[in-house]
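Residue numbers (the working numbering), protein chains in the order written: chain A, 17 to 365; chain B, 1297 to 1660; chain C, 447 to 619; chain D, 9 to 155. Glycine is no exception: its CB is placed at the ideal position from the N, C-alpha and C atoms. Reviewing the structure listed below.
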Amino acid sequence: MEFFNKIFVYIAQFIRETLAALGFTPVWVEMGMGTVYLVAILGVCTLAALFYVLWERKLAGYIQYRPGPNRLGPNGWFQTVADAIKLLTKEDIVPCGADKAVHLLAPVFIFVPTVLALAVVPFGEGMAAIDLDLGIFYLIAVTSLSTIPIFMGGWGSNNKYSLLGAMRAVAQMVSYEIPLVFSLLGVVLITGTLQLQGIVEAQSKVWFVFLQPIAFLIFIIAATAETNRAPFDLPEGESELTAGIYTEYSGMKWALFFLAEYCNLFIVSAIGVTVFLGGWQGPFLPSWVWFFIKTHLLFSFFIWIRWTFPRIRVDQLMNFGWKFLVPLSLANVFITGIGVYIYYNGLGW
Amino acid sequence: MKTQTYTLNLGPQHPSTHGVLRVVLELDGETCVGSKTHVGYLHRGIEKILEDRTYPQVIPYTDRLDYLAGINNNLVYVQTMEKMMNIEIPERAEYIRVMLAELMRIASHMVGIGIYIMDLGAISAVFYPFIEREKILDMMAHLSGSRMTFNYMRIGGLAHDIHSDFKPELDKFIVEFPRFIEDYHRLIDDNEIFIARTKNVGTITAEKAKSYGLTGPNLRACGVKHDIRKTNPYGIYNRFDFEVPVGEIGDCYDRYVVRMKEVEESFKIIQQAYKELPDGPVMAKVPKLIKPPIGDVYHQTENPKGVLGCYVVSDGTPKPSRVHFRRPSFNNISIFDEIFIGHKIADIIAILASFDFVLGEVDA
Amino acid sequence: MAIDNENGYMTQEELEEKGILLTSLDKLFNWARSWSLWPFQFGLACCAIEMICTTQARFDISRFGYEVFRNSPRQADVMIIAGTITEKMRPSVERLYHQIAEPRWVIAMGNCAISGGPFVDSYAVVPGADDIVPVDIYIPGCPPRPEALIHGMLQLKEKVNSPAKVRFKKYGK
Amino acid sequence: MENKINYQEMLTGKFGDKVVINAEKSYEVYANADNSLEVLEFLKAEGLNFLADISSADYKDYFEVVYQLYSFDDPDHLIVKVKLTHDNPQVTSLTSLWATADWLEREVYDLMGITFINHPNLERILTWEGFEGHPLRKDFVSKSGRK
């Protein structure tokens, strides 16, 4: 049991020892380990994206009374493989009048925050590539970077739909960053640490979703907005802006945007699980299995939301963010602060 | 700060223009400050073609006007011709016509509502009405051989009597349909986002609606109780008991509500007609070669989209000299340029979707 | 195996027979493309409604993985011309076709897109999509049933998957 | 289908012989190109407030513009026809009375080539830019692209 729980930790240890035994200096060992982690993270993120693209199609099909992809491979599970290969071989179109460099760099940059964020996510007990002391702070800082490539993509395409989508994306992602951060702050107040492993361990008795239900709700809403998913999919807004920021992207560049969207959603689900749903903690099964089960359920919940709700309008989005979510999340932090103070100091009489 | 407006071309290929409508928007940020609607991208010149067809050959072309409700379009043309030639049609044919017309009204509204909600972003909501529509199309396909372009009515009656399968299928539909309506109301009516997106959006006053010649659910949503089935009953519509639902302020939400209620009223009519369905022939005695007297006739019926009129000029030959259709969608969408102004792009999509127009009918 | 070309190179077919990697990769690409034909959401008239029906619960084209209707031509593979092309629409259709990224295919759905259908003698109708764009698959019907569209998509899959099968006789095998 | 109000009598009372009555059909009157606007304005005030349709027909030696008037409240119906010569098909626009006349008149202009005086924006609506002729005229030769 303990072995399975820590199997990946042991593998990492084994590689580290092998590298050291081969006579590399510690610096090179660290570099080697970094490469190993990077490959692992890229693997996780690509696999997760490929899996979840199909899972979304299947789950959407289930919601819509139909089977979803089921012909290619066992029950259709190779469908996204075919899609990915096809996208690789599609013609790459750069519209005339586009800012070529920006247009090219946007889909490359969109993956940077994704990979950076996954570096600190604790996939299991002791299973984070880097366990930073400022884990949550780092996560917030890194994920907010993804606004920039999206705006680059919209700006560089020389298309009005793209530009409109990009404008909406920036407004939306910047506004919803704030409630997102505040919703996480409540948890940080309780645990007194920014370290993700610490937060998970603090939930061994009770998950923070029960201590911070409002924060969890705010987190879910803000996270949906951050990842540009329905009902907050205004930047893409299929029925309004044809394909929004992605209108002029074809082939692999578009595929990168698409994969990044799913990776981001995966990260957001992972953060939600880590901070509110007890992370990798759970009985009987190895810790990383628990982590993936919980993330999967949260991800499925996001899919469920997406295929149920209509899209909201841009001014309603801003109103809701600034006039409702921000005050609510502030109040939540305030009340949590008082609660924590009372818990540690008593009422003073 | 000095700002500039810009032009956004919505269509002819755009997911929310339901075909090939083109709207050129002048935008200030996201807000519309000017708009010009261009139609004609599906102008097939039907009216000219019809001058070169015999009278019965016109019927299949009417199917292709409002292709979501082919039967209703058949109906207006055959009734115009019957009016012109003074043909009394058998009772049974009348009842079957009413039943089919109301079934198609439901089918058409199912598409209208489903696509409306889908354009607001709730993609799954289009799937449930389409399931109900499929049931109706199945019945119609068994009856006429086609899913959308039926060519089932004839001048003087129907092509043939209903089929033995039709009754069990209709029985099944009558049992299953109310449940769908209930479910759909639960799914959409109280949805916060839906209400926020549609309430007070695209409001049209009754005066303006009348001036623009709006008809059908779009007019009734503005609070005008106008339904040709009640005001100028054609066929045997005066025998049925049904309400004309009206909205309050004529916004997008009212248009949804009116359509949903209308579906229920149609369902009531179908049940009544089905109960009273008499036996007998379905075709009156009509000469083999249809040669109406010289003259012209205008007739109009209540289509799912609004008032569909048909104007036929006969010069005494077997071919019509002129066939003209008053296409409700054409009149309905002429109001767009005025009501778009001041709305956001997302609202414009909502308004477009809530009008439930069909380009085949707009452009003819 | 004899090399019978005058310039001494093996032909594509000969290479294929020997299982050279390049052609295997080609096969992989064709396989992927054939299973991932994303249609372009572009409806013209009546047939467009049947095209929508094809994606709906009853007929469900998503079983084959073709339900990803893209609104932007850049991301689509198949242009389903569903309906009558009018003279007013002709430039747009042409332009949209050219906006689709290669490789791209065209399905002419319905009689209007094949030949002009019932409107062929009109002054405003283009008599068939092949006047404007090269068409790969023709689906007759007015409008064709959704099953017919699915069948057409599967025929296109065959065509993409095995180019040798559909090659004209006079151009070799 | 009889009208509740006898509009024909009402019109002869108001306009005299400037309005021609169709004796066979109680719901049909003929107006002139010069007074059609006044006739229709009068009828609108009298309760026929629904301009259902503007259509036109080519009778080879003359054109007819046909206005279908209904009421939103009761079943009354009146057809107002205006005969126009082939050389100079011109009639006053109704855009000042009904907003719907805008598009309906544009359609008639586009397909039949009848000019509407005082129309704010009389341009082709259904056919495309550069189209020549008016297809619904009997002398229009329909050129199809059929091979």
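Any 3 or more C-beta pairs closer than 8 Å across the stretch 1406-1413 of chain B and the stretch 1646-1655 of chain B
By the C-beta criterion, the stretch 1406-1413 of chain B is judged to be in contact with the stretch 1646-1655 of chain B, since at least 3 inter-stretch pairs fall below 8 Å.
Taking C-beta to C-beta, are A/E256 and B/A1492 nearer than 7 Å?
Not closer than 7 Å, so no.
Worksheet item: Should A/T130 be labelled buried (16 or more other beta-carbon atoms within 10 Å of its own) or exposed?
Response: It is buried - the Cβ of A/T130 has at least 16 other Cβ atoms within 10 Å.
Checklist entry - At a CB-CB cut-off below 8 Å, which residues of chain C make contact with B/I1427? => result The answer, in chain order, is Q502, A503, R504.
- Determine, using beta carbons only, whether B/F1626 and C/Q502 come nearer to each other than 7 Å. Result no, Cβ atoms of B/F1626 and C/Q502 do not sit closer than 7 Å.
Notebook entry, point to check: Apart from the five residues on each side of it in sequence, which residues of its chain come closer than 8 Å, Cβ to Cβ, to B/P1352?
Noted result: R1450, I1451, I1586, listed in sequence order.
Original post:
Taking any Cβ of chain D, which residues in the stretch 1595-1628 of chain B have a Cβ under 8 Å from it, in chain order?
Top reply: Residues of the stretch 1595-1628 of chain B that bring their beta carbon within less than 8 Å of a beta carbon in chain D comprise Q1596, V1603, G1605, Y1607, V1609, S1617, R1618, H1620, R1622, F1626, N1627, in sequence order.
(request) Please list the partners that D/G150 has in chain C, where partner means a Cβ-to-Cβ separation under 8 Å. (result) Note on identity: in this sequence residue 150 of chain D is Ser, with Gly being the wrong assignment. Chain C residues near D/S150: D567, S568, Y569.
Practice task
Could you please give the first and the last residue of the uninterrupted beta strand (DSSP E) stretch that includes A/F325?
Solution key: DSSP places A/F325 outside any beta strand (DSSP E), giving it a letter other than H or E.
Those residues which DSSP pairs with D/I62 across a bridge
Looking at the DSSP assignment, D/I62 forms a beta bridge with D/Y75.
| request: Kindly list, in the order they appear in chain D, the residues whose Cβ is closer than 9 Å to that of C/E533. | output: T135, W136, F139, G153, listed in chain order.
Q.
Assuming D/K89 is part of the beta strand (DSSP E), what are its boundary residues?
A. Segment 85-93, the beta strand (DSSP E) holding D/K89.
**Prompt:** What does B/Q1596 pair with, by DSSP beta-bridge criteria?
**Reply:** According to DSSP, B/Q1596 bridges with B/G1605.
Expected contact under 8 Å - CB spacing of D/P143 and C/Y512 to nearest Å:
In fact, because the Cβ distance is near 39 Å, the residues do not count as touching under 8 Å.
- What residues are listed by DSSP as bridge partners for B/E1322? For B/E1322, which the question treats as bridged, DSSP gives the partners B/T1303, B/G1330.
> What does C/L561 touch in chain A if you count any residue whose Cβ is under 9 Å from its own?
Replying inline: For clarity, residue 561 of chain C is Ser in the given sequence; the question names Leu instead. Going along chain A, no residue has its Cβ under 9 Å from C/S561, so there is no contact; the nearest lies around 30 Å.
Review point. If you follow the beta strand (DSSP E) that C/Y440 is part of, which residue opens it and which one closes it?
Key: There is no way to answer for residue 440 of chain C, as the model of chain C reaches only from 447 to 619.
Which residues in chain B sit within 7 Å of A/S345, going by Cβ to Cβ distance? Chain B residues near A/S345: none, gap ~19 Å exceeds 7 Å.
task: Identify, in the order they occur along the chain, each residue of the same chain with its Cβ nearer than 7 Å to the Cβ of B/L1304, setting aside the five sequence neighbours on each side.
output: The beta carbon of B/L1304 sits closer than 7 Å to those of L1321, L1323, all from its chain and outside the five residues before and after it, given in chain order.
Next on the checklist: Check whether chain A comes within 7 Å of C/E593, counting only Cβ atoms and requiring the distance to be less than that.
Outcome noted: Not an interface residue.
Test item: CB-CB of D/F124 and D/S101 under 7 Å:
In this structure, D/F124 places its C-beta atom within 7 Å of the C-beta atom of D/S101.
Residue ranges of each alpha helix (DSSP H) run of no fewer than 4 residues wholly in the stretch 127-174 of chain A, ordered along the chain?
Taking 4 residues as the shortest admissible run, the stretch 127-174 of chain A contains the following complete alpha helix (DSSP H) segments, listed from N- to C-terminal end: 127-134, 151-159, 163-172.
Quick one: list the residues of chain C neighbouring A/Q80, beta-carbon separation under 7 Å, in chain order.
Near A/Q80 (Cβ distances below 7 Å), the residues of chain C are A503.
Is the Cβ-Cβ distance between A/E193 and A/S160 less than 7 Å?
Remark: C-beta atoms of A/E193 and A/S160 approach each other more closely than 7 Å.
| said: Ignoring anything shorter than 4 residues, give me the alpha helix (DSSP H) runs that lie fully in the stretch 53-124 of chain A, in order along the chain. | reply: You should have 95-105.
What is the residue span of the beta strand (DSSP E) that B/R1622 lies within?
Counting along the chain, the unbroken beta strand (DSSP E) around B/R1622 starts and ends at 1618-1622.
- Can you tell me whether A/F30 is buried or exposed, with buried defined as 16 or more other CB within 10 angstroms of its CB? By the 10 Å Cβ count, A/F30 comes out exposed.
Below-7 Å beta-carbon distance, B/F1653 vs any chain C residue = No - not a single Cβ of chain C is within 7 Å of the one on B/F1653.
| field | beta strand (DSSP E) runs wholly inside the stretch 12-68 of chain D, at least 3 long, in chain order | value | Runs of the beta strand (DSSP E) inside the stretch 12-68 of chain D: 36-39, 58-66.
Query raised in the report: Along chain A, in chain order, which residues have C-beta atoms closer than 7 Å to that of B/K1640?
Result: The answer, in chain order, is R329, V330, D331.
* Asked: Is it the case that the Cβ atoms of B/Q1568 and B/F1536 are separated by a distance below 7 Å?
  -> In this structure, B/F1536 lies closer than 7 Å to B/Q1568 by Cβ.
*Taking Cβ-Cβ distances shorter than 7 Å, what residues in chain C pair up with B/F1423?*
Q502, A503, listed in chain order.
*asked:* Taking its Cβ as the centre, do 16 or more other Cβ atoms sit within 10 Å of B/S1442, making it buried, or is it exposed?
replied: Result: buried.
Problem - Simplified DSSP state of D/T108, which is helix, strand or coil - result: Three-state result, D/T108: coil.
- prompt: Should C/F488 be flagged as near chain A, meaning a C-beta pair shorter than 7 Å?
  reply: Not closer than 7 Å to any Cβ of chain A, the Cβ of C/F488 fails to qualify, so no.
| message | For D/K91 and B/C1606, I'd like the C-alpha separation in whole angstroms. | response | Answer to the nearest angstrom: the Cα atoms are 20 Å apart.
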